[in-house]
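Numbering (our numbering), first residue to last: 6 to 397. To start, the structure under review is shown below, and the notes come after it.
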C-alpha cells in the first residue's frame with residue numbers, strides 16, 4: 006500500500022485561479038516527517054555585482070532539476086529563489102535528494118567558482134521553532150505545477166541556511182556528491198526586454214489579515230499600474246511571444262555545455278546542443294515541427310509555464326512597468342510600509358532572465374524560471390530583509 010505521507014503532494018488537489026492564492030484556509034499542512042532541501046549561493050551579491058547573475062540563476066535552477074531528475078517530479082514541491090532554491094521531500098527521497106544537492110554543490114564550485122551551501126532541514130526542526138509549512142499546488146497546465154507556501158517555514162529555513170552556526174547540524178556532506186543529472190536544464194533564451202521601461206522584481210508581505218490583505222494590496226497595485234498583478238493577462242506576465250528572443254549561438258550555451266556534459270563526451274553534447282539551437286531557430290522561422298518540437302504550441306506554452314508570480318511566505322512578482330508606474334508604486338509601498346501595513350523589497354532592471362527545465366517537450370512538460378536581470382529576486386530579498394530589520 007502506498008505511503009500516504011510520501012504521496013502528500015501528488016494527492017494534493019491543484020487550483021488554477023491564481024487570484025485565490027491568498028485563501029489561507031485552503032492550504033494543507035506538510036507531513037511532519039518531510040524535509041526541506043535548501044540551497045543558497047554564498048556571497049551571491051559579489052557574483053551579481055560582477056555581472057554573473059545568469060550563472061547564479063542557472064545554478065539555482067540546477068538545484069531543482071538535479072533533485073527532480075533523481076527522485077521524480079510528481080511529488081516534490083519546489084521554489085526557485087534566484088540565487089538558490091528550496092524543495093520539500095518525503096522521507097523516501099531524502100537521501101537521494103541530498104546526493105543530488107551535493108553533486109550540484111561540487112559542480113558549482115568546479116565549473117563556476119561559486120560556493121553553494123546545501124542543507125537538509127527536517128520539518129520537526131522548523132515546527133519546534135514556531136513556524137510551519139503549508140502548501141497549495143498551482144496548476145500551470147496539466148502536469149505542470151508550482152508550489153505555493155505559507156506558514157513561515159521556508160523563511161525560517163532560509164535564515165538557518167544563511168547562518169554559519171545554525172546550519173551546521175543540517176549541512177549536507179560534500180562527500181556524498183556524484184555527478185548530478187541535469188537533463189532538461191537550459192539557458193538559451195535571450196534576456197526578455199522591458200516594453201514599458203523597467204522590469205520590477207517585487208517581494209511583499211502584508212503585516213496581517215492573510216488572504217484578504219493580499220487581495221487588497223493586489224487591488225491597490227492594479228489601480229496604480231492598470232493591470233491585476235495576480236491576473237492572467239499578458240500585462241501581468243512578462244513572458245510574452247513579443248518579448249521572446251532566440252539568437253545563435255545562445256549566450257548561455259557554453260556554460261550549459263560545461264555543466265551538462267560532465268558525465269559524457271563534451272564535444273558530443275556540444276554538437277547536440279548546437280544542432281538543437283539551430284533547429285529551434287529554423288522551427289521558429291518556418292513554423293514547422295521537428296520531431297516532438299512544435300514551435301507554435303511551445304511558444305504558447307512558455308508564456309503559461311512560468312513562475313513570474315508565486316507565494317512562498319511572501320508574494321513574489323516580476324512585472325514590466327513604466328517609470329511613472331514604478332514611481333507611483335514605490336510611493337504606495339513606502340506609505341504602506343511606514344503605516345506598518347506591509348513589508349516589501351524591490352529591484353529594478355531593464356530586462357528579465359529565463360532559465361528552463363524541460364522534462365518532456367512533446368508532452369508539454371516544462372517550466373520556466375523568471376527573474377529580473379542583474380540581481381532580481383535575490384536583490385529584492387536583501388532589500389526586504391534590510392527593511393524588516395529596520396523595524397524590528
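Note that the Cβ used here is the ideal one computed from N, Cα and C, for glycine as well.
- Residue environment: residue 252 is assigned as exposed (fewer than 16 neighbouring CB atoms within 10 Å of its CB, all protein chains considered).
- Annotation note: the segment 38-112 contains the following uninterrupted beta strand (DSSP E) runs of length 3 or greater, listed N- to C-terminal: 40-46, 83-85 and 89-94.
- When 351, 190 and 138 are compared, the shortest CA-CA separation from residue 322 is found for 351.
- Taken through DSSP and simplified to helix, strand or coil, residue 33 comes out as strand.
- Taking a C-beta distance under 9 Å as the contact criterion, residue 79 and residue 143 do not qualify as a contact pair.
- Per the DSSP secondary-structure output, residue 280 pairs with nothing in a beta bridge.
- Nearest in C-alpha terms to residue 44, of all of 29, 102, 385 and 353, is 102.
- By alpha-carbon distance to residue 108, the top candidate from 138, 84, 178 and 329 is 178.
- Relative to residue 201, the option among 133, 240, 207 and 166 whose CA is nearest is 240.
- The DSSP-derived three-state label of residue 364 is strand.
- Of the residues 309, 9 and 334, the one whose Cα lies closest to the Cα of residue 227 is 334.
- Per DSSP, reduced to three states, the secondary structure at residue 320 is strand.
- Residue 89 holds the alpha-carbon nearest to the alpha-carbon of residue 382 among 362, 89 and 269.
- Distance check between residue 250 and each of 157, 294, 189 and 357 places 357 closest, using alpha-carbon atoms only.
- If you ignore the 5 residues before and after residue 266, its C-beta comes within less than 6 Å of the C-beta of 274, all in its own chain and listed in chain order.
- Remark: C-beta atoms of residue 129 and residue 37 approach each other more closely than 9 Å.
- For the segment 230-278, the continuous alpha helix (DSSP H) assignments of 4+ residues that do not extend past its boundaries occur at 258-265, in sequence order.
- Taking a 10 Å sphere around the C-beta of residue 379, we find 16 or more other C-beta atoms and assign the residue as buried.
- Residue pairing from DSSP places residue 311 in a beta bridge opposite 373.
- Proximity to residue 20 across 69, 174 and 141 peaks at 141, based on C-alpha coordinates.
- Judged by their CB atoms, residue 244 and residue 311 are nearer to each other than the 9 Å cut-off.
- Annotation: the continuous beta strand (DSSP E) that includes residue 144 extends over 139-146.
- Judged by their CB atoms, residue 74 and residue 188 are nearer to each other than the 9 Å cut-off.
- A direct Cα-to-Cα measurement between residue 258 and residue 343 gives close to 45 Å.
- Cβ-Cβ distances below 8 Å link residue 212 to 218, 345, 346, 347 and 348 in the same chain, with the five nearest sequence neighbours on each side left out; the list follows chain order.
- Taking a contact as a CB-CB distance under 8 Å, the pair residue 41 and residue 91 counts as one, their CB atoms being some 6 Å apart.
- Under DSSP, residue 194 takes part in a beta bridge, and its partners are 251.
- Taking residue 287 as the centre and dropping the five residues before and after it, the same chain places the C-beta of 293 and 295 closer than 8 Å to its C-beta, in chain order.
- Residue 223 is positioned such that its CB atom lies no closer than 9 Å to that of residue 205.
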